[in-house]
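Enquirer: Below you will find the structure I want to go over with you.
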Amino acid sequence: MATKILIIDDDPIIRLLAVEKLSEEGFVVIDAMDSATGISLALHEKPDLVLLDVVLPDIDGYQVCQHLRSLPATQHLPIVMLTGLDDTSSIVQAYDFGATDFFAKPINWKLLGYRIRYILRASKTFEQLAHSEAALANAQRLAHLGSWEWYPQADITERSDEYYRIYGMTRDNLLPSMFAVLPQVHAEDQERVKAALEAAMSKGLPYQHEFRILAPHNGVRVLHEQARVFKSEQGYIDYVEGITQDITELVDAQQRIRNLAYYDALTGLANRQLFRELLQHELQRAQRHDKQCALLFIDLDRFKRINDTLGHDVGDMVLQIVGNRINTCIRSSDIAALHQANPTKNEQVARLGGDEFTVVLTDIAQPEDAAQVARRILEAMAQPIQIGTQELIISASIGIALGPQDGYDVESLLKNADLAMYAVKDKGRNSYHFFDHTMNETVLNKFALENDLRKAIEQDQLELYFQPKINPLSGDIVGAEVLLRWKHPHRGMVSPVTFIPVAEESGFIVELGAWVLKRACEINREWQSRGMPIVPLAINLSAANFRHHDLLPDIRRTLEDLKLQPNFLVIELTEGILMNDVDETIQTLQALKDMGVYLSVDDFGTGYSSLNYLKRFPLDELKIDRSFVKDIISDPNDAAITAAIIGLAQNLKLSVVAEGVETTEQADFLLRRGCNTMQGYLFAKPMPQEDFEQMLMSGINMGEMQAVFMVDG
1 MATKILIIDD DPIIRLLAVE KLSEEGFVVI DAMDSATGIS LALHEKPDLV
51 LLDVVLPDID GYQVCQHLRS LPATQHLPIV MLTGLDDTSS IVQAYDFGAT
101 DFFAKPINWK LLGYRIRYIL RASKTFEQLA HSEAALANAQ RLAHLGSWEW
151 YPQADITERS DEYYRIYGMT RDNLLPSMFA VLPQVHAEDQ ERVKAALEAA
201 MSKGLPYQHE FRILAPHNGV RVLHEQARVF KSEQGYIDYV EGITQDITEL
251 VDAQQRIRNL AYYDALTGLA NRQLFRELLQ HELQRAQRHD KQCALLFIDL
301 DRFKRINDTL GHDVGDMVLQ IVGNRINTCI RSSDIAALHQ ANPTKNEQVA
351 RLGGDEFTVV LTDIAQPEDA AQVARRILEA MAQPIQIGTQ ELIISASIGI
401 ALGPQDGYDV ESLLKNADLA MYAVKDKGRN SYHFFDHTMN ETVLNKFALE
451 NDLRKAIEQD QLELYFQPKI NPLSGDIVGA EVLLRWKHPH RGMVSPVTFI
501 PVAEESGFIV ELGAWVLKRA CEINREWQSR GMPIVPLAIN LSAANFRHHD
551 LLPDIRRTLE DLKLQPNFLV IELTEGILMN DVDETIQTLQ ALKDMGVYLS
601 VDDFGTGYSS LNYLKRFPLD ELKIDRSFVK DIISDPNDAA ITAAIIGLAQ
651 NLKLSVVAEG VETTEQADFL LRRGCNTMQG YLFAKPMPQE DFEQMLMSGI
701 NMGEMQAVFM VDG
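Following UniProt numbering, the numbering of the sequence shown begins with 1 at its first residue and continues without gaps.
Next up, the structure:
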């Protein structure tokens with residue numbers, strides 16, 4: 001495409017010559033005789049270059065040049081002033097008004113053609129450079145990347161526009177010294193930034209670092225800066241070239257990713273992954289430097305009850321409060337400077353999941369240091385937690401293992417701290433315990449016992465014992481409580497106190513409870529088919545059995561298959577089971593009641609049942625716990641409580657049974673208060689099936705006791 005030239009000159013001869021001569025050089029020429037026409041053509045014809053006479057009839061060429069420079073469309077248009085004036089002041093004036101070049105009259109048209117080509121090449125190069133600079137500036141803006149050149153000898157810095165934007169400054173309010181930015185650098189980073197600049201200036205050392213600034217309108221920003229030093233052939237420092245990038249968003253994104261990967265979403269504490277990395281680091285450091293660390297394994301006591309009764313939202317709030325309390329118990333002296341990428345978090349405290357927390361203590365001088373922290377945590381836990389109208393008391397069991405003597409790696413130390421925690425659970429909870437190596441033997445024994453227990457049903461090692469319920473006035477056996485016994489081929493008789501907790505921990509209690517229920521019903525049906533006296537048999541159900549989805553269909557199927565009347569099956573439940581998810585409890589109890597099954601509350605008075613709820617439960621019987629019966633003769637409080645329970649049962653139209661009756665005085669007290677059904681060693685101990693069958697057939701020999709039990713009327 002031909003290059004278009006606009007000539008603005010009031011001399012028609014000059015215009016004609018320009019058209020002729022420049023056309024011969026390959027240019028397309030348009031002309032104007034005055035400034036107004038020239039400006040209009042410049043805007044509409046878009047010439048590549050303007051030849052502008054200084055002297056025009058309306059306004060001079062300087063003003064035309066100035067006007068064209070003020071318009072965006074012609075701001076960078078090459079303008080060559082044509083002048084017959086040869087004084088220096090006219091030339092200077094032409095440049096002052098924005099002329100690209102000047103050419104003296106008379107015009108050498110051949111030479112002017114070369115000059116035009118040169119100016120157009122220079123203009124194109126300028127356009128490309130301007131475009132590149134604009135693209136670079138745009139790229140720097142998008143990347144939040146500023147560039148600079150610093151001349152240390154004069155302490156003068158040339159900075160890009162983006163550099164000023166990063167600092168929230170302008171060229172007018174930021175001095176050229178490279179040190180001028182230091183007041184905006186975060187106080188904690190100032191010395192490090194200053195030292196890097198001084199080392200570059202005095203020793204020619206390049207640097208690369210990250211630091212924070214306080215930008216006037218953007219708050220705290222994180223910058224990455226790197227610089228290289230250029231020296232002369234003589235080894236002197238010429239200048240330092242560098243880039244400064246705002247990486248705040250990148251750092252924030254990395255922190256969010258780190259939080260997702262390493263922190264618990266609910267509590268904000270370190271998660272299992274970060275805990276393992278931290279503990280591994282501490283164990284390695286302790287071994288290298290002959291130090292000692294401690295792992296505290298914390299498990300909340302009976303936390304499941306909170307989730308089940310108050311809901312998971314309340315449970316989550318409790319976990320958040322507990323996590324915060326544990327965190328505040330760890331003093332700065334307990335914490336090593338690890339994982340400084342996130343210094344605002346105490347990464348020594350972690351939530352492994354559920355209600356399990358851990359604390360890693362570093363450089364402890366003695367085991368007592370760990371014990372002190374454990375005591376602080378237990379004290380903090382003891383403070384009531386208020387959530388809405390609910391006031392909750394939380395306790396915890398804490399196991400402590402010391403590294404590296406209790407474990408050289410994460411798995412072994414964690415396992416041993418866990419064992420120590422379970423030792424606390426076994427001894428009553430709400431305390432702490434150090435690991436010792438005998439615990440491994442205990443665990444192995446428990447594991448072996450669990451395996452043996454699973455085989456016990458298949459190998460016919462389990463049997464049912466029966467403790468009769470007696471009416472002392474008549475001497476009649478009115479029922480019996482079914483108790484499970486385990487006759488191990490090598491261990492002998494294993495106490496329920498030993499194997500029931502193992503069954504509960506392993507989950508085998510569900511299968512075990514189902515076996516007891518079915519077997520008791522089978523025995524009762526056998527007695528009926530043999531024409532023996534018929535008595536209701538009471539089965540103790542665990543919480544796991546009561547909540548199991550197969551409970552109702554299993555009982556219904558068992559009763560139907562055996563053709564056993566449901567009123568000969570008594571289900572005994574503790575208050576704790578009843579009060580766990582009351583609405584579901586009522587539904588299950590009502591379903592059992594609709595089947596005709598007899599419902600009894602075992603160990604009544606030892607739990608925390610509400611009388612308001614008690615009246616809603618479709619119950620048949622209350623059993624007074626042996627702990628009240630034991631001292632009713634000597635302890636007025638136990639006597640009053642027992643009498644109150646009997647009165648409550650009578651008012652609610654419920655039967656009442658006293659457990660643990662061992663003396664005639666106790667039996668007499670109970671009879672006089674209206675309790676006519678008793679169970680205890682005074683009448684009979686739990687006995688094997690064969691012995692109980694004989695008692696059913698022959699009856700119980702009350703002997704002289706009946707005289708004692710005679711009451712007025």
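Glycine included, each C-beta is placed from N, C-alpha and C at the ideal position.
What does DSSP give as the partner residues of Ala215 in its beta bridges?
Expert: What you label residue 215 is simply residue 215 of the sequence shown in a count that begins at 1. Paired residues: Gly219.
Enquirer: Which stretch, first to last residue, makes up the beta strand (DSSP E) that contains Gln386?
Expert: Residue mapping note: residue 386 aligns to position 386 of the sequence shown, counting from 1. Run containing Gln386: 385 to 387, per the beta strand (DSSP E) assignment.
Enquirer: Ignoring anything shorter than 3 residues, give me the beta strand (DSSP E) runs that lie fully in the UniProt domain "GGDEF" (291 to 437), in order along the chain.
Expert: The UniProt domain "GGDEF" (291 to 437) contains these whole beta strand (DSSP E) runs: 293 to 300, 349 to 353, 356 to 361, 385 to 387, 390 to 392, 396 to 403, 432 to 434.
Enquirer: Below 8 Å on the Cβ atoms is my guess for Gly605 versus Phe628; work out the distance and round it to an integer in Å.
Expert: Mapped onto the sequence shown, residue 605 falls at position 605. Mapped onto the sequence shown, residue 628 falls at position 628. About 6 Å separates the two Cβ atoms, so the contact holds.
Enquirer: Which residues mark the beginning and the end of the beta strand (DSSP E) in which His186 is found?
Expert: The residue you call residue 186 lines up with position 186 of the sequence shown. Per DSSP, His186 belongs to no beta strand (DSSP E) and is neither H nor E.
Enquirer: The beta strand (DSSP E) spanning Leu464 covers which residue range?
Expert: Locating residue 464 in the sequence shown gives position 464, where the first residue counts as 1. Here the beta strand (DSSP E) through Leu464 covers 462 to 471.
Enquirer: Considering only residues of the region 576 to 632, which uninterrupted beta strand (DSSP E) runs meet the minimum length of 3 residues and lie entirely inside it, listed in chain order?
Expert: If we require 3 residues or more, the beta strand (DSSP E) runs fully inside the region 576 to 632 come out as 598 to 604, 621 to 624.
Enquirer: Are at least three pairs of beta-carbons, each pair with one atom in the region 65 to 83 and one in the region 98 to 109, less than 8 Å apart?
Expert: Touching, per the Cβ criterion.
Enquirer: Assuming Ile481 is part of the beta strand (DSSP E), what are its boundary residues?
Expert: Stepping through the sequence shown from its first residue, residue 481 is reached at position 481. Position check: residue 481 holds Glu in this sequence, whereas Ile was assumed. Its beta strand (DSSP E) spans residues 476 to 488.
Enquirer: How long is the line joining the alpha carbons of Met317 and Leu296, rounded to whole angstroms?
Expert: Counting from one through the sequence shown, the residue named residue 317 turns up at place 317. Counting from one through the sequence shown, the residue named residue 296 turns up at place 296. The alpha-carbon atoms of Met317 and Leu296 are separated by roughly 22 Å.
Enquirer: Runs of 4 residues minimum, wholly inside the region 674 to 702: which ones carry the alpha helix (DSSP H) assignment?
Expert: With a minimum length of 4 residues, the continuous alpha helix (DSSP H) runs that stay inside the region 674 to 702 are 689 to 698.
Enquirer: Taking the straight line between their C-alpha atoms, what separation do you get for Ser529 and Leu537?
Expert: Residue numbering aside, residue 529 sits at position 529 when the sequence shown is read from its first letter. Residue numbering aside, residue 537 sits at position 537 when the sequence shown is read from its first letter. Each residue's alpha carbon lies about 16 Å from the other.
Enquirer: What residues match up with Gly146 in a beta bridge as DSSP calls it?
Expert: On the sequence shown, residue 146 is found 146 positions in, with the first residue counted as 1. According to DSSP, which records beta bridges pairwise, Gly146 is partnered with Thr244.
Enquirer: In angstroms with no decimal places, state the Cα-to-Cα distance between Leu82 and Leu43.
Expert: Here residue 82 is taken as the residue at index 82 of the sequence shown, counted from 1. Here residue 43 is taken as the residue at index 43 of the sequence shown, counted from 1. Cα-Cα distance, rounded: 20 Å.
Enquirer: Could you give the first and the last residue of the continuous beta strand (DSSP E) run that contains Val80?
Expert: For the purposes of this step, residue 80 is identified with residue 80 of the sequence shown, where counting begins at 1. It spans 79 to 83 - the beta strand (DSSP E) in which Val80 sits, taken as one unbroken run.
Enquirer: Do the region 412 to 422 and the region 364 to 379 meet, that is, are 3 or more Cβ pairs less than 8 Å apart?
Expert: Flag = no, the region 412 to 422 and the region 364 to 379 do not touch.
Enquirer: Would you report the Cα separation of Tyr613 and Glu481, rounded to the nearest angstrom?
Expert: Sequence index remark: in the sequence shown, residue 613 carries index 613 (1-based). Sequence index remark: in the sequence shown, residue 481 carries index 481 (1-based). One C-alpha to the other measures close to 26 Å.
Enquirer: Using DSSP bridges, identify the partner residues of Ile539.
Expert: Here residue 539 is taken as the residue at index 539 of the sequence shown, counted from 1. Partner(s): Ile571.
Enquirer: Name the residue from Leu619, Ala261, Leu611, Thr574 whose alpha carbon lies nearest to the alpha carbon of Leu274.
Expert: Position 274 of the sequence shown, counting from 1, holds the residue named residue 274. Looking at the Cα atoms, Ala261 is the closest of the given residues.
Enquirer: Would you decide whether Met421 is buried or exposed? Buried here means 16 or more other CB atoms lie within 10 Å of its CB.
Expert: Counting from one through the sequence shown, the residue named residue 421 turns up at place 421. Answer is buried; the Cβ neighbour count reaches 16.
Enquirer: Given that a residue counts as buried once 16 or more other Cβ atoms are within 10 Å of its Cβ, and exposed if not, what is Met178?
Expert: For the purposes of this step, residue 178 is identified with residue 178 of the sequence shown, where counting begins at 1. Its Cβ being crowded by 16 or more others within 10 Å, Met178 is buried.
Enquirer: Taking all protein chains shown into account, decide if Leu6 is buried (16 or more other Cβ within 10 angstroms of its Cβ) or exposed.
Expert: What you label residue 6 is simply residue 6 of the sequence shown in a count that begins at 1. It counts as buried.
Enquirer: Across the region 513 to 529 and the region 545 to 554, are there enough close Cβ pairs to call them in contact, namely three or more that are closer than 8 Å?
Expert: Enough Cβ pairs lie closer than 8 Å, so yes.
Enquirer: If you compare alpha carbons, which of Asp9, Phe126, Val502, Tyr432 is closest to Phe447?
Expert: Along the sequence shown, one-based indexing puts residue 447 at 447. Out of Asp9, Phe126, Val502, Tyr432, Val502 has the C-alpha closest to the C-alpha of Phe447.
Enquirer: Beta carbon of Gly403, beta carbon of Ala270: below 7 Å?
Expert: Taking the first residue of the sequence shown as position 1, residue 403 is located at position 403. Taking the first residue of the sequence shown as position 1, residue 270 is located at position 270. Cβ distance not < 7 Å, so Gly403 and Ala270 don't count as in contact.
Enquirer: If you run the structure through DSSP and keep just helix, strand and coil, what is Leu6?
Expert: The count along the sequence shown starts at 1 and reaches residue 6 at position 6. Residue state, collapsed to three classes: strand.
Enquirer: Using the C-alpha atoms, what's the distance from Arg519 back to Glu458?
Expert: In the sequence shown, counting from the first residue as 1, residue 458 sits at position 458. In the sequence shown, counting from the first residue as 1, residue 519 sits at position 519. Each residue's Cα considered, the two are about 13 Å apart.
Enquirer: So which of Glu693, Phe103, Leu283, Asn524 has the shortest CA-CA distance to Thr88?
Expert: Here residue 88 corresponds to residue number 88 of the sequence shown, with the count starting at 1. The residue with the shortest Cα to Cα distance from Thr88 is Phe103.
Enquirer: Does His437 pass the burial test, meaning 16 or more other C-beta atoms within 10 Å, or should it be called exposed?
Expert: Along the sequence shown, one-based indexing puts residue 437 at 437. Exposed, because fewer than 16 other Cβ atoms sit within 10 Å of the Cβ of His437.
Enquirer: Pull up the distance between the alpha-carbon of Gln383 and that of Gln390, whole angstroms please.
Expert: Position 383 of the sequence shown holds residue 383. Position 390 of the sequence shown holds residue 390. Distance between the alpha carbons of Gln383 and Gln390: 14 Å.
Enquirer: So, at 6 Å on beta carbons, what are the nonlocal neighbours of Phe669 in its own chain, with the 5 sequence-adjacent residues on each side left out?
Expert: As a working note, residue 669 is residue 669 in the sequence shown. Only Ile632 meet the Cβ criterion.
Enquirer: Going by beta-carbon coordinates alone, are Tyr163 and Trp148 separated by less than 7 Å?
Expert: For the purposes of this step, residue 163 is identified with residue 163 of the sequence shown, where counting begins at 1. For the purposes of this step, residue 148 is identified with residue 148 of the sequence shown, where counting begins at 1. The answer is yes: Cβ separation under 7 Å.
Enquirer: When we look at the beta-carbon of Pro636 and count the other beta-carbons within 10 Å, is it buried (16 or more) or exposed?
Expert: Translated into the one-based positions of the sequence shown, residue 636 becomes position 636. Burial call: exposed.
Enquirer: Helix, strand or coil for Gly113? Go by DSSP, reduced to three states.
Expert: One-based indexing of the sequence shown puts residue 113 at position 113. It is helical.
Enquirer: Under 8 Å, with one C-beta from each stretch per pair, do the region 21 to 33 and the region 105 to 116 reach the 3-pair mark?
Expert: Yes: at least three Cβ pairs fall under 8 Å.
Enquirer: Leaving out five residues on either side along the sequence, give the residues of the same chain with a beta carbon under 7 Å from the beta carbon of Ser232.
Expert: Locating residue 232 in the sequence shown gives position 232, counting from the first residue. Taken in chain order, the residues that qualify are Asp238.
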